[in-house]
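What follows is a short report on a single structure.
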Amino acid sequence: MERWVIITAIVLAYLVVTLIIGLAAGRRVSHGVTGYVAADRQFGLLAMYFVVGGTVFSAFAFLGGPGWAFSRGVAVLYILSYGVLGMIPWYIVGPRAARLGRERGYVTQAQMVTGRFPSRALSVLMAAVGVAAFVPYVMLQMSGAGIVFSAVTADHIPFWLGAALAYGVVVIYVLFGGASAVGWTNVFEGAIMMAVAWGLGVYVPHVLYGGIGPMFERIAEARPELLVLPGLDASGNRWTWGAYSSSILASAIGLMMWPHLFMKAFAARDDRTLRRTTVLFPTFQLFLIPLLLVGFAGVLFATHPEDPDFILPHVLLESGMPAVVVGLFCAGALAASMSTGDALLHAAASITIEDGIAPFTRITEQRRRRLMQLLVVVIGVVGYYLAVLERRNLVLLLLTAYAFIDQLAPPVYATLFWKRATTRGILAGLIGGMATALYFFLNPDLRPFQIHEGILGLAVNLALLVTVSLATPPQDPAHAAAFTRSEEELEPAGG
Amino acid sequence: MTQRGARRLLLLLIAAYAAAVVWPGVALANRYRPTVAGLPFTVAWVALWILIGLAVLLAVDHALYAKPPRSGTDRTD
Chain A
1252 MERWVIITAI VLAYLVVTLI IGLAAGRRVS HGVTGYVAAD RQFGLLAMYF VVGGTVFSAF
1312 AFLGGPGWAF SRGVAVLYIL SYGVLGMIPW YIVGPRAARL GRERGYVTQA QMVTGRFPSR
1372 ALSVLMAAVG VAAFVPYVML QMSGAGIVFS AVTADHIPFW LGAALAYGVV VIYVLFGGAS
1432 AVGWTNVFEG AIMMAVAWGL GVYVPHVLYG GIGPMFERIA EARPELLVLP GLDASGNRWT
1492 WGAYSSSILA SAIGLMMWPH LFMKAFAARD DRTLRRTTVL FPTFQLFLIP LLLVGFAGVL
1552 FATHPEDPDF ILPHVLLESG MPAVVVGLFC AGALAASMST GDALLHAAAS ITIEDGIAPF
1612 TRITEQRRRR LMQLLVVVIG VVGYYLAVLE RRNLVLLLLT AYAFIDQLAP PVYATLFWKR
1672 ATTRGILAGL IGGMATALYF FLNPDLRPFQ IHEGILGLAV NLALLVTVSL ATPPQDPAHA
1732 AAFTRSEEEL EPAGG
Chain B
43 MTQRGARRLL LLLIAAYAAA VVWPGVALAN RYRPTVAGLP FTVAWVALWI LIGLAVLLAV
103 DHALYAKPPR SGTDRTD
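Quick look at the structure:
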């Protein structure tokens, strides 16, 4: 049997199992909006662990990340540095958001923020930022699926067909199963991602170089500049400390502000589950290390792929790995792509309806759910069409998306922690922060010390939030306090 | 441990973590040798902080939920 047939068979088996799990999971929830968007708030620890891990780590973990290690050396450590840092605040923020969700019926981030700061403009603005950031993100995941298929089957399954197969499965299970299907497929996809990553990371350096130590010894001799922080930039020059450090901070601040991740707080069964998810997240994040090792393994290869994102499949194919290994890698990379892409499609549809349209009209819950399902298909098809048309510069778009997602942090934290914040302050900060981030994205040479545009936007955002809030009349204290209550204020008799 | 104590400890963890992985903190660990389990020291340093994060989160969670009185927002159903 030809290699590409064995590889394709393994991948198709993975896709079929995923589809079955997704369709089975969707049958178990209620038919309302809470069922479709937040899985009836019934995710336990197992589902939450893999939903959060599988959603945070996308196709980038299997393609872009190793590509960075290969072409930019230890600059890639920025990816390893921000995950846990960005997740720690969730231990406090997650349960507070979840409590408000239970008390007031929120299923999205913008519903919570506009619950505290009533403004339809704010609701639409937040929905627009989220959905605008999702589009390049979804396209990137679809491209990842297409790249993997075409690379490992020597184009027997071309880019367009690979992306269509993987995302056909995703659209079907999200369409019928909503959040529940996203959750239970992510358990399967997350487990595959981790198993494949650890397997490859140990196996490949061992087979090629006799171990991880010997591999780095050879890199240190041949390309020592790759092993000194802050590493290299995209064109191979030395990266700057300002860019390296502020990329970590911008990503850490933005991580849980992504609306599709934030809304998972509303899907958890209880606070203990949410907190344990946060506690265990670092164990998931460690799986990036073996993947980066395979990227480093490519440094010493005689031939290099045109695009560094192809380094992982390049290493596997050039070194003549068995077809089964390549097939499993392919399934792992697809799992990483799909476990992020499904959450994005689902959230984009949910947010458009709940935050962009529902505040302006009275539509029944049944119709809202129907509209969301329709949108899942529409966004899936449009994203696919765009991904096939335009394949370049997506990573750049995604890194920039963080700059805008960062601007959601002050509204979210003010909602939960600052009584004196006002609706006008929030709006002024959000708009000012977005404008600043956009300005420095368009004029990157004007950034001081190459600081990430998200951090520059945050400085303006915070300054405006504080000054405008203090200059406008405070909110009704009882209203504000209902959102900022700490755990001990909720139960004074307890510990 | 009280909820307030947990919040303070986690804020401290965030500050220490950030100081350790961004400039200038990480510059102090910026060298190839000694390698740890074959990994360059810089890589091992960043990986170590993932483990420190895990350890502190585990400890805080354990202390917060281990003994009565139970915490404010935890549902028991």
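These protein sequences, in sequence, are chains A and B.
First residue of the first sequence? That's 1252 in the numbering used here, and the numbers climb one at a time after it.
First residue of the second sequence? That's 43 in the numbering used here, and the numbers climb one at a time after it.
Idealized CB from N, CA, C, for every residue including glycine.
None of the values given here were measured: they were computed from a predicted structure.
field: Residue of Gly1429/A, Ala1405/A, Met1393/A, Val1433/A minimising C-alpha distance to Leu1416/A
entry: Leu1416/A has its Cα closest to that of Met1393/A, out of Gly1429/A, Ala1405/A, Met1393/A, Val1433/A.
- prompt: Looking at Tyr1333/A and Leu1499/A, is the spacing between their C-beta atoms short of 8 angstroms?
  reply: A quick correction: the sequence has Ile, not Leu, at residue 1499/A. If you check the CB distance, Ile1499/A and Tyr1333/A come in under 8 angstroms.
query: Hey, is the region 1302 to 1313 of chain A in contact with the region 1522 to 1541 of chain A, meaning 3+ C-beta pairs nearer than 8 angstroms?
result: Using a C-beta cut-off of 8 angstroms, the region 1302 to 1313 of chain A makes contact with the region 1522 to 1541 of chain A, since at least three inter-stretch Cβ pairs fall below that distance.
message: Using CA atoms only, rank isn't needed, just tell me which of Tyr1388/A, Ala1432/A, Gly1337/A, Gly1345/A is closest to Ile1271/A.
response: Here the closest residue by C-alpha is Ala1432/A.
Min CB distance Ala89/B to chain A below 8 angstroms: Between Ala89/B and chain A, the shortest Cβ-Cβ separation is below 8 angstroms.
6 angstroms Cβ shell around Val1421/A - same chain, five flanking residues per side excluded: The residues are Met1589, Gly1592, Asp1593.
task: Under the assumption that Val1288/A contacts Val1382/A (Cβ atoms under 8 angstroms), give the Cβ distance between them as a whole number of angstroms.
output: Not quite, the Cβ-Cβ distance comes to about 15 angstroms (not below 8 angstroms), so this is no contact.
message: Alpha carbons only, please: which of Ala1312/A, Tyr1460/A, Gly1493/A is nearest the one belonging to Arg1698/A?
response: Distances from the alpha-carbon of Arg1698/A to those of Ala1312/A, Tyr1460/A, Gly1493/A put Gly1493/A closest.
task: Note down, one range per segment and in chain order, each alpha helix (DSSP H) of at least 4 residues found wholly within the region 1512 to 1599 of chain A.
output: As far as the region 1512 to 1599 of chain A is concerned, its whole alpha helix (DSSP H) runs of at least 4 residues are 1522 to 1536, 1539 to 1548, 1562 to 1569.
message: Using DSSP's beta-bridge definition, name the partner residues of Arg1489/A.
response: For Arg1489/A, which the question treats as bridged, DSSP gives the partners Leu1483/A.
- request: Could you name the residues of the same chain whose beta carbon sits closer than 8 angstroms to that of Thr1673/A, not counting the 5 residues immediately before and after it, in chain order?
  value: Exclusion of the five residues before and after Thr1673/A leaves Phe1368, Val1719, Ser1720, Thr1723, Pro1724, Pro1725, Gln1726 as the residues of its chain whose Cβ lies within less than 8 angstroms of its Cβ.
message: For the pair the region 1550 to 1567 of chain A and the region 1311 to 1323 of chain A, tell me if three or more CB-CB distances fall below 8 angstroms.
response: Contact between the region 1550 to 1567 of chain A and the region 1311 to 1323 of chain A is present, because at least three Cβ pairs lie under 8 angstroms.
- request: Report the neighbours of Leu1500/A on chain C: residues whose CB is nearer than 9 angstroms to its CB, in chain order.
  value: Although the question refers to chain C, the structure presented lacks it and instead comprises the protein chains A and B.
field: Length-filtered (4 minimum) alpha helix (DSSP H) runs lying within the region 1340 to 1368 of chain A
entry: Those alpha helix (DSSP H) runs which fall completely within the region 1340 to 1368 of chain A and span 4+ residues are 1341 to 1355, 1360 to 1367.
task: Could you name the residues of the same chain whose beta carbon sits closer than 7 angstroms to that of Gln1624/A, not counting the 5 residues immediately before and after it, in chain order?
output: For Gln1624/A, where only same-chain residues beyond five positions count, the Cβ hits under 7 angstroms are Leu1426.
- prompt: Are the C-beta atoms of Ser1281/A and some chain B residue less than 8 angstroms apart?
  reply: Chain B, which has no Cβ nearer than 8 angstroms to the Cβ of Ser1281/A, makes this no.
message: Going by DSSP in three states, Val1327/A sits in which element: helix, strand or coil?
response: If DSSP states are grouped into helix, strand and coil, Val1327/A belongs with the helices.
message: Give me, in chain order, the residues of the same chain whose beta-carbon lies closer than 6 angstroms to that of Met1691/A; leave out the 5 immediate sequence neighbours on both sides.
response: Note that residue 1691/A is Phe in the sequence shown here, rather than Met. Result list for Phe1691/A: Arg1698, Glu1704, Leu1707, in chain order.
field: According to DSSP, residues forming a beta bridge with Val1663/A
entry: Val1663/A pairs with nothing; no bridge assigned.
query: With distances taken between CB atoms, is the gap from Glu1310/A to Ala1587/A smaller than 8 angstroms?
result: According to the sequence displayed, residue 1310/A carries Ala and not Glu. Result yes, Cβ atoms of Ala1310/A and Ala1587/A sit closer than 8 angstroms.
query: Which chain B residues sit within Cβ distance under 7 angstroms of Gly1492/A?
result: Per the sequence shown, residue 1492/A should be read as Trp rather than Gly. Close to Trp1492/A, with beta-carbon spacing below 7 angstroms, are these residues of chain B in chain order: Trp65.
Val121/B, DSSP secondary structure in three states: There is no way to answer for residue 121/B, as the model of chain B reaches only from 43 to 119.
message: Is the beta carbon of Ala1519/A closer than 8 angstroms to that of Met1338/A?
response: The Cβ atoms of Met1338/A and Ala1519/A do not sit closer than 8 angstroms to each other.
Helix, strand or coil at Phe1294/A according to DSSP, with G and I counted as helix: In this structure, Phe1294/A counts as strand in the three-state DSSP scheme.
field: 8 angstroms Cβ cutoff met for Gly1607/A and Ala1378/A
entry: Pairing Gly1607/A with Ala1378/A gives a Cβ-Cβ distance under 8 angstroms.
message: Taking 8 angstroms as the threshold (beta carbon to beta carbon), is Phe1467/A in contact with chain B?
response: Interface residue, yes.
message: For the region 1334 to 1346 of chain A, list every residue whose C-beta sits within 9 angstroms of some C-beta in chain B, in sequence order.
response: Of all residues in the region 1334 to 1346 of chain A, only Gly1334, Val1335, Leu1336, Met1338, Ile1339, Pro1340, Tyr1342, Ile1343, Pro1346 come within less than 9 angstroms of chain B when Cβ atoms are compared, listed by chain position.
field: Rounded straight-line distance, which links the Cα of Gly1397/A to that of Val1262/A
entry: Per the coordinates, the alpha-carbon of Val1262/A lies some 13 angstroms from the alpha-carbon of Gly1397/A.
message: Taking 7 angstroms as the limit between beta carbons, can you name the residues of its chain near Ile78/B, skipping five residues before and five after?
response: Residue 78/B is actually Val in this sequence, not Ile. So the list reads Ala86, once near-sequence residues are dropped.
query: Rounded to a whole number of angstroms, what is the C-alpha to C-alpha distance between Asp119/B and Ala105/B?
result: In this predicted model, Asp119/B has a pLDDT of only 47, less than 50, meaning its place in the structure is not dependable; the value taken from the coordinates is given anyway. About 21 angstroms.
- prompt: Could one say the Cβ of Val1479/A lies closer than 8 angstroms to chain B's Cβ atoms, at least one of them?
  reply: Judged by the 8 angstroms Cβ criterion, Val1479/A is in contact with chain B.
message: Going by DSSP in three states, Phe1308/A sits in which element: helix, strand or coil?
response: In this structure, Phe1308/A counts as coil in the three-state DSSP scheme.
message: Just to make sure I have the definition right: I need the residues of chain B whose C-beta is within less than 7 angstroms of the C-beta of Pro1559/A. Which are they?
response: Against chain B, a Cβ distance below 7 angstroms from Pro1559/A picks out nothing, because the smallest value is about 19 angstroms.
Buried/exposed call for Pro1541/A, threshold 16 Cβ in 10 Å: A residue is called buried once 16 or more other Cβ atoms fall within 10 Å of its Cβ, and Pro1541/A is buried on that count.
- prompt: By the 10 Å Cβ neighbour count, where 16 or more other Cβ atoms means buried, how is Glu1641/A classified, buried or exposed?
  reply: So Glu1641/A counts as exposed.
message: Using C-beta distances below 7 angstroms, list every residue in its chain close to Ala58/B, excluding the 5 sequence neighbours before and after it, in chain order.
response: The answer is none, since no qualifying residue turns up.
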